[in-house]
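If you read the sequence shown in our numbering, its first letter stands for residue 73, the second for the next number, and so on.
Each residue gets a CB set at the ideal place from its N, CA and C atoms; glycine is no exception.
Nothing here was measured: the structure is a model prediction, and the numbers come from that model.
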Amino acid sequence: MKNNNDMALETMLAHYGEDRFNYHGSVIPPIFQTSLFTFENMEAISRAFSTPGSYLYTRGLNPTVEIAEKKIAWLEGGEKAKLFSSGMGAITASILNFVQTGDHIVALKTVYGPTIKFLADYLAKKFNITTTFIDAGHTDNVLAAVQKNTTLIYLESPTSLVFEVLNLAEIAAFARQHQIATIIDNSWATPLYQKPLAMGIDVVVHSVSKYLSGHSDVVAGVAIASNKIIEAIFEAEHALLGAKIAPLEAWLILRGLRTLPVRMKQHSDSAMQLALYLENHPKVKVVNYPGLPSHPQYLLAKQQLQGYSGLFSFILDADLTKTRRFVDNLKYFKIGVSWGGFESLVLNLAYDGNNNVPAGLVRVSVGLENVEDLKADLDQALKLI
Ligand SMILES: Cc1ncc(COP(=O)(O)O)c(C=O)c1O
Numbered sequence: 073m074k075n076n077n078d079m080a081l082e083t084m085l086a087h088y089g090e091d092r093f094n095y096h097g098s099v100i101p102p103i104f105q106t107s108l109f110t111f112e113n114m115e116a117i118s119r120a121f122s123t124p125g126s127y128l129y130t131r132g133l134n135p136t137v138e139i140a141e142k143k144i145a146w147l148e149g150g151e152k153a154k155l156f157s158s159g160m161g162a163i164t165a166s167i168l169n170f171v172q173t174g175d176h177i178v179a180l181k182t183v184y185g186p187t188i189k190f191l192a193d194y195l196a197k198k199f200n201i202t203t204t205f206i207d208a209g210h211t212d213n214v215l216a217a218v219q220k221n222t223t224l225i226y227l228e229s230p231t232s233l234v235f236e237v238l239n240l241a242e243i244a245a246f247a248r249q250h251q252i253a254t255i256i257d258n259s260w261a262t263p264l265y266q267k268p269l270a271m272g273i274d275v276v277v278h279s280v281s282k283y284l285s286g287h288s289d290v291v292a293g294v295a296i297a298s299n300k301i302i303e304a305i306f307e308a309e310h311a312l313l314g315a316k317i318a319p320l321e322a323w324l325i326l327r328g329l330r331t332l333p334v335r336m337k338q339h340s341d342s343a344m345q346l347a348l349y350l351e352n353h354p355k356v357k358v359v360n361y362p363g364l365p366s367h368p369q370y371l372l373a374k375q376q377l378q379g380y381s382g383l384f385s386f387i388l389d390a391d392l393t394k395t396r397r398f399v400d401n402l403k404y405f406k407i408g409v410s411w412g413g414f415e416s417l418v419l420n421l422a423y424d425g426n427n428n429v430p431a432g433l434v435r436v437s438v439g440l441e442n443v444e445d446l447k448a449d450l451d452q453a454l455k456l457i
């Protein structure tokens, strides 16, 4: 991957957006841990008020945050990026930017749970903005759900529990033709493995808490799009709702980004090995991983993705008691929500009263531990059920 400066991905991540001689040559940029910026006189601050891009107050712009935003925008192939205090901050701000009372949204049924809640409960009840939730599988499902008042199509592909894949180029082309905006949550693939903007999607959002930061020590989000869209989101939803990221967290994201390509390669290689191991295990019914030829949308995934990350799920041939025994006996896969960090994680989302998922459904986030250790861990726990 090359850009105008003819630097490859890894080199860009190391150096792009940094202006080290502004900071005494420090190889790592400072954390501008300041709420405000001061001026020599009133004339200087007046000039700053009327000059876009001036540093005034950290709820607006902050130099440490801007370095991270520049790198992420470049990585995603967008003109501009805006960091938020969480993935949900980026998601809700981006959605709000495209809707008004009475509008209609089309969204995939299997997008991230709190996003569904925001669409189905919050927007519907407070603002009479309705959402039709559709099944993945075929682009026609999206097209059939569009109404006269549809202003937004909200997508996630692959999704993060059952890993469904949508045809992004087809949906984007249709949406553009009908002047409907499109947003995609690209957290699973990361900009390394999927470039939705190049396929015609308008806005990409990420939970930066996952692979982009990668060390399980940050909660953050980002939206990437054209200058026009990001400036609109920045002026309205970002600034007015106060969803700014802390400079320290932006700095931690910069640290994460420097190793993103090597981390993703390892997550991907290990996940593929474990997915293949599980697929061939007699106690596993199915493995949901877009990188496996058995995935129902394998060919589409192969065409659309440049790689596969480390999060997948599988269904054990087991009831809830046995499934929990399996999960509880894993040593290296820690039980917890979230994913995309250095540590392997496991979660069984079936619990009493939740009939939405099969009892045997287990999701794993494959971390950076030695893959043979991880395989042996799965193996010993499978022997116990
Ligand atoms: C697919 C997906 N999107 C968005 C989010 C929300 O991000 P955050 O937790 O940073 O608000 C998550 C978090 O788990 C997620 O899994």
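Distances from the CB of Glu228 to the heavy atoms of ligand 1 include at least one below 7 Å. Closer than 7 Å to some heavy atom of ligand 1: that does not describe the Cβ of Asp289. Between Tyr184 and Ser279, the alpha-carbon positions lie close to 11 Å from each other. Nearest to Lys282 by C-alpha distance, out of Asp274, Lys300, Glu242, Leu383, is Leu383. Between Phe398 and Ala453, the CB-CB gap stays under 8 Å.
Going by DSSP, Ser342 is part of no beta strand (DSSP E) but of the alpha helix (DSSP H) stretching over 332-351.
Near ligand 1, meaning a beta-carbon closer than 7 Å to one of its heavy atoms, we find Ser158, Gly159, Met160, Gly161, Ile163, Tyr184, Pro186, Thr187, Glu228, Ser232, Asp257, Ser259, Trp260, Ser279, Val280, Ser281, Lys282, Val291, Ala292, Gly293, Val409, Ser410, Trp411.
Proximity of the segment 351-364 to the segment 300-312 falls short of the contact definition, fewer than three beta-carbon pairs being nearer than 8 Å. Each of Ala261, Pro263, Trp260, Ser298 was checked against the Cα of Thr254, and the nearest Cα belongs to Ser298. With distances taken between CA atoms, Gly439 lies nearest to Phe414 out of Glu236, Phe414, Ala244. Taking 8 Å as the cut-off, the Cβ atoms of Ile225 and Leu240 do not count as close. In this model, Lys406 and Asn426 are separated by some 22 Å (Cα to Cα). Each residue's CA atom was taken as its position, placing Leu320 and Arg335 some 22 Å apart.
The Cβ neighbour count for Asp274, taken over all protein chains shown within 10 Å, is at least 16; the residue is labelled buried. Assigned with DSSP and collapsed to three states, Val443 falls in helix. Contact between the segment 141-161 and the segment 262-272 is present, with at least three C-beta pairs closer than 8 Å.
Burial state of Ile325 is buried, judged by a 10 Å Cβ sphere holding 16 or more other Cβ atoms. In the displayed model, Ile100 falls within coil according to three-state DSSP, outside both helix and strand. Boundaries for Asn213: no beta strand (DSSP E) harbours it, while the alpha helix (DSSP H) harbouring it runs 211-217, taken from the DSSP string.
Within the segment 78-141, the runs of alpha helix (DSSP H) that reach at least 4 residues and sit entirely inside it are, in chain order, 81-87, 114-121.
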